[in-house]
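If you're matching them up, the sequences are chains Z and W in order. The first sequence begins at 1 in the numbering used here and counts up one residue at a time. The second sequence begins at 1001 in the numbering used here and counts up one residue at a time. A quick write-up on the structure given underneath.
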Amino acid sequence: MVLSKLRELAGGSKDESSGDPFVDALRNALSADRVKYDGAHRSLHSHDASVFDGGNSGPVVYPETTAEVQAVVCLANEHQRNVVPRGAGTGLAGGAIPLGVPVVVAVTKMNAILEVDEANSIAWVEPGVINLDLTRHLAPLGYHFAPDPSSQQVCTVGGNVANNSGGPHCLAYGVTNAHVMAMEIVLPSGDAVMLGGLDAEPQGFDLRGVFVGSEGTLGIVTKIAVRITKNRPAVRTLLMAFDDVRDAANTVSDVIADGIVPAAMEVMDKAITAAVENYVGAGYPTDAAAVLLAEVDGLDSGVDIDADRIAEIGRANNATDVRLAGSDEERMLLWKGRKTAFGAVAQIAPDYYLHDTVVPRSALADVLDQIYAISDKYELLIMNVFHAGDGNLHPLIVFDGRDEGVLDRVHAAGGEIITASLDAGGVLSGEHGIGVEKQKYMDRMFTDDDLDHQNRLRQAFDPGCRTNPGKVIPSGHSCADIQSLRSVPKEVWG
Amino acid sequence: MSATLTVDDPTLLGFAEEVGETGPVAIVGGQTRWDIGGESAGEPRLLRAPEGIVDYKPEEMTVQVRAGTTVADLHVALAEKGQRTALPDRGGTVGGALAVGENDIRALGRGRVRESLLQVRYVSAEGRIVSSGGPTVKNVSGFDLPRLMVGSLGTLGCIAEVILRTNPIPAVSRWLHADRVDAGTTFDGLLHPSAVLTDGSGTWVQLEGHGADVDQQASILQTLGSFTEVDGPPVLPEHRWSLSPSEAGAFPASDGDLAFVAAIGLGLVFADAPQPLRRLDPAVTLINERMKQNFDPTGRLNPGRDAGRK
């Protein structure tokens, strides 16, 4: 790869010296205004939406083209610097925090919806496109982008790819991996390649499939062909209230056992429902121990049959109230309440720690009981709002960080929640990923051999472990990461 | 490392011992796609993966099954609880279907193979049992080795046991056929058909779901042409082509007398001539080669086969 050619393609211009030859080279390759090296930018990019701090970031760059991303990666290689890709920074596991003073590649300026190709049921988008903007763009054509994480108003499709994001409606439609057909990525070598394809069965190993959810450790995605989903003509949304959260959980399990796969099944417990209702006024019952939001979509006859059956199952599980949303407005309001649940928590306490584990659906009720016991043990308020349909729990530990010693209790309670989920046959994460948050728990789910093979996969893309080093795989299983983090040039201040 | 994670199932341990640490090995399933990815080389020891359903949880829509189980046997057991998987049943095994990774021609209705594998246990080139993924339908815990295994032709590990996602069998399934209708228009007029196939003159449609929904979709078909009930899809020509949906819809690209059946909306075409060799980008080939080198440094797993030559 000829760097000068890439610089030319990137249309770079010379800028005044920063005192760091790497920064100067980046400014030369991009433009001075898209290479930020001031304290404010570096400090801002030392965080994502998690509670974890990275060190300081190195320069923060805002490329606008694939060629510019390539130029940045090549320069990072030349200067032996690490690279961390970043979307909107809404990740909750610390996946985008900088370790080893990396160059942070923020893709937010690569935000064009390039093409909607109805003949192939896909849209080509750049990684910085906001998830909800894509669905809004598709709406007049009768399509949507199915993954709908709660952060969809701000999170990027590139971030969705990195984290294999889910959302309430992934129960029937599948998470991001099912909706990415092909991707252009810039490899850690600086080469740009296409993974996957629009054809039914692309040849070679499924590198597209392993890239999705790799948390920015395998390269930087620069263009994505996402599957677009036809809007269903009929939708029914049921709101059910229960006096016991176990009854709500059992309803969810029974619906699936009955052979119905709803578009979404979400549960909120009493504490979070009260907060949401006070915040949005969506009409949620605040006296119930739990509410279950169930949605089915498809054709008119089928959705009525499924909605009736779900209501019947709810009543058999002691639902105290079963309500069918009477209008699109009512339905949208109910969803608005669900999707702003985390914002609503600010009324209760200034800080929260949102967990993410998955358990078998049939274990939901028992694991919830254990979570409430953990809440009592550590004298912490834990609220539960979760994707019940796929067993994806989101215990929300609410606290005030100014209380002395509270963070220790928050982390200890979190550890017990993870243990309870794994003991019930569950997994570490359903949609937030491992990042730095759950590295220390990886050996509770995987053996040394398992982790060794994950590392082999990673190193096929990035033999030097320079792309988002120090994430996902625990350090003891990824020697190259340790080397790349230790090899930060001495003159780089952290 | 937690000792509880170590696989202690004697059947799997026995399989790992059979695979061993040295010498070329290949796993034999139903040999329905034995010639895919090049010819077997190096006279490998031919082994069979263990058989049997380990744990079926219809209420979770998951099944834990050993790789040597036939897809037919698996589907018979699942059908008792009204469920099925995305795996195509061509007389082969679960492990074979996953290693090959080809979809059923009705994949729009029953899902893609690559999305059906939740957890995989395989024996590595070093004779070790490796697990990845998990038993839940949603999981982003670590790198996605299950995705890597689907379609890898057994060149990265010997698949021993898997957990698959199951799906409910719809209440009603109907195949309809008509001549002289445009297959693309037919596909566009329907909501989520399970299959729309064309041989250039006739169109076959599979509708699945609640009876009333299927009736409603069938009535839409009647506005497009004289569709009549048939038993199933047409006989498929021998050679499989992987194309984009738009290419499949315009198949064949050049004039000729190719006999074919194209799956509209999916991109699969079956024709009586093979697809011209597709070429991978050299930079992608390099990653494939590194992957193979990292997982099987001595090249002992299914030698001769190359997933890039499918």
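Glycine residues also receive a C-beta, built at the ideal position from the N, C-alpha and C atoms.
The CB of residue 206/Z comes closer than 7 Å to the CB of 1114, 1147, 1148, 1150 and 1151 in chain W, given here in chain order. Just measuring C-alpha positions, the residue of 1174/W, 1035/W and 1022/W sitting nearest residue 1099/W is 1035/W. Taking a Cβ-Cβ cut-off of 9 Å, residue 149/Z has no neighbours in chain W, whose nearest Cβ is about 12 Å from it. The bridge partners DSSP lists for residue 194/Z are 184/Z.
At a Cβ-Cβ threshold of 8 Å, residue 120/Z and residue 1242/W do not count as neighbours.
A distance below 8 Å between beta-carbons, with the five flanking residues on each side excluded, links residue 448/Z to the following residues of its chain, in chain order: 477. Using a Cβ-Cβ cut-off of 8 Å, residue 144/Z does not count as an interface residue toward chain W, since no Cβ of chain W sits closer than that to its own. Bridge pairing for residue 1093/W: 1070/W [DSSP]. Around residue 1048/W, no beta-carbon contact reaches into chain Z at under 8 Å, the shortest distance being about 23 Å. In this structure, 1190/W is the residue among 1294/W, 1227/W and 1190/W with its C-alpha nearest to the C-alpha of residue 1264/W. Minimum Cα-Cα distance from residue 50/Z among the listed residues 83/Z, 355/Z and 69/Z corresponds to 355/Z. Between residue 251/Z and residue 288/Z, the C-beta spacing is not below 8 Å. In the three-state DSSP reduction, residue 1227/W falls in the coil class, being neither helix nor strand. Under a 10 Å Cβ-count criterion, residue 437/Z is classified as buried, with 16 or more other Cβ atoms of the shown protein chains found around its own Cβ. Close CB contacts of residue 1228/W within its chain, under the 8 Å cut and outside five residues either way in sequence, are with 1176, 1177 and 1178 (chain order).
Only residues of its own chain outside the window of five on either side were considered, and among them 36, 41, 42, 45, 104 and 106 have a CB closer than 7 Å to the CB of residue 60/Z, listed in chain order. Contact between the segment 1115 to 1126 of chain W and the segment 184 to 193 of chain Z is not established, with fewer than three Cβ pairs separated by less than 8 Å.
Taking the C-beta atoms as reference points, residue 1067/W is found nearer than 8 Å to residue 1159/W. According to the DSSP assignment, residue 273/Z belongs to no beta strand (DSSP E) but to the alpha helix (DSSP H) extending over 270 to 280.
For the segment 452 to 465 of chain Z, the beta-carbon criterion of a distance under 9 Å to any beta-carbon of chain W is satisfied by 452, 453, 454, 455, 456, 457, 458, 459, 460, 461 and 463.
Between residue 292/Z and residue 267/Z, the C-beta gap is smaller than 8 Å, which places the two residues in contact.
For the segment 1117 to 1134 of chain W, the set of residues with a beta-carbon nearer than 8 Å to any beta-carbon of chain Z comprises 1124, 1128, 1129, 1130, 1131, 1132 and 1134, in chain order.
If the five residues before and after residue 202/Z are omitted, its C-beta is found closer than 6 Å to the C-beta atoms of 196, all from its own chain and listed in chain order.
When Cβ-Cβ separations below 8 Å define contact, residue 1287/W makes contact with chain Z. Setting aside the 5 residues that flank it on each side, residue 225/Z is surrounded in the same chain by 122, 124, 181 and 182, each with a C-beta closer than 6 Å to its C-beta; the list follows chain order.
Excluding residues up to 5 positions away in sequence, 82, 469, 470, 484, 485 and 488 lie with their Cβ nearer than 7 Å to the Cβ of residue 100/Z in the same chain. With respect to the C-alpha of residue 1050/W, the residue from 1224/W, 1174/W, 1119/W and 1069/W having the closest C-alpha is 1069/W. Among the residues of chain W, those whose CB is under 9 Å from the CB of residue 253/Z are 1059 and 1060, following chain order. Taking 8 Å as the cut-off, the Cβ atoms of residue 1303/W and residue 1024/W count as close. CA-to-CA, the gap between residue 229/Z and residue 1282/W works out to about 32 Å.
Here residue 333/Z is near residue 282/Z, since their CB atoms are less than 8 Å apart. Residue 247/Z and residue 168/Z have their C-alpha atoms spaced approximately 20 Å apart. In terms of Cβ geometry, residue 1130/W and residue 450/Z form a close pair [threshold 8 Å].
Residue 447/Z belongs to the set of residues whose beta carbon lies under 8 Å from a beta carbon in chain W. Contact of residue 1142/W with chain Z is assigned, a C-beta pair being separated by under 8 Å.
Flagged as an interface residue toward chain Z: residue 1244/W, by a C-beta distance shorter than 8 Å.
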